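Reviewing the structure listed below.
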Amino acid sequence: FFNLRKAKERLGWFNSDEVNQVASDLGVKPEEVLEMESRLANFDGSFEPVTANDDGEFNYSPSGYLSHGEAEDPSFVVSEEEQAAIIAGGLVEALKSLDERSRDIVEARWLQGEKTSLKELAEKYGVSLERIRQVEAKAFKTMQPFLQTA
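Numbering-wise (my numbering), the sequence shown opens with residue 2 and increments by one.
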């Protein structure tokens with residue numbers, strides 16, 4: 002159909018005989034020629050937003066109304082929120098199942114912004130790094146059933 006643009010420039014709008022001739026030349030159906038003639042007559046619009054009109058109000062192009070992927074799909078957002086709530090609930094219950102020291106170690110190592118080192122925790126509790134690692138591993142095993150149901 003790229004050749005149709007050249008033929009159209011030469012001929013202008015097609016009459017029925019010309020539509021049939023172009024269809025024959027290009028090896029397509031006459032309906033397809035009419036459809037492409039209509040498409041070629043239209044101009045592509047810009048998807049860039051217009052900055053502002055004379056009143057200072059912004060005018061948005063079609064790109065402003067298009068979805069930006071799954072993040073804005075309401076069903077996806079609700080699904081993600083529900084999943085996060087289920088996981089958070091399971092995590093709360095899992096943490097409640099731990100003794101105070103184990104909970105503190107897990108929170109310090111995995112649930113705070115800056116991860117506390119094994120060395121810092123070992124010094125805090127007056128035990129070896131290996132003992133902190135063992136307590137952490139046991140805590141994860143204790144928490145696992147709560148997190149699998151979430």
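Glycine residues also receive a C-beta, built at the ideal position from the N, C-alpha and C atoms. The model shown is predicted, which means the values in this text are computed figures rather than measured ones.
Burial state of residue i (16 or more Cβ within 10 Å)
i              : result
glycine 122    : Reading off the sequence, residue 122 comes out as leucine, not glycine. Answer is buried; the Cβ neighbour count reaches 16.
isoleucine 106 : buried
glutamate 77   : The sequence shown places phenylalanine at residue 77, not glutamate. So phenylalanine 77 counts as exposed.
alanine 95     : buried
alanine 85     : exposed
valine 136     : buried
valine 23      : buried
glutamate 38   : buried
valine 93      : exposed
Straight-line gap, residue i to residue j (C-alpha atoms, nearest Å)
i                 : j              : result
glutamate 83      : proline 146    : 20 angstroms
glutamate 108     : methionine 144 : 12 angstroms
leucine 148       : arginine 102   : 20 angstroms
tryptophan 111    : proline 75     : 31 angstroms
glycine 28        : asparagine 16  : 18 angstroms
phenylalanine 141 : valine 79      : 29 angstroms
aspartate 100     : glutamate 124  : 19 angstroms
valine 20         : proline 31     : 6 angstroms
threonine 117     : isoleucine 133 : 12 angstroms
isoleucine 88     : tyrosine 126   : 30 angstroms
valine 128        : lysine 139     : 16 angstroms
alanine 151       : arginine 104   : The predicted position of alanine 151 is uncertain, since its pLDDT is 47 and thus under 50; a value taken from the coordinates is nonetheless stated next. One C-alpha to the other measures close to 19 angstroms.
aspartate 18      : glutamate 33   : 14 angstroms
leucine 130       : glutamine 113  : 19 angstroms
leucine 41        : glutamate 115  : 59 angstroms
serine 25         : glutamate 81   : 54 angstroms
glycine 90        : serine 98      : 13 angstroms
glutamate 36      : tryptophan 14  : 12 angstroms
Quiz prompt | Within the segment 83–123, ranges of the alpha helix (DSSP H) (whole runs, at least 4 residues) | solution = The qualifying runs are 101–107.
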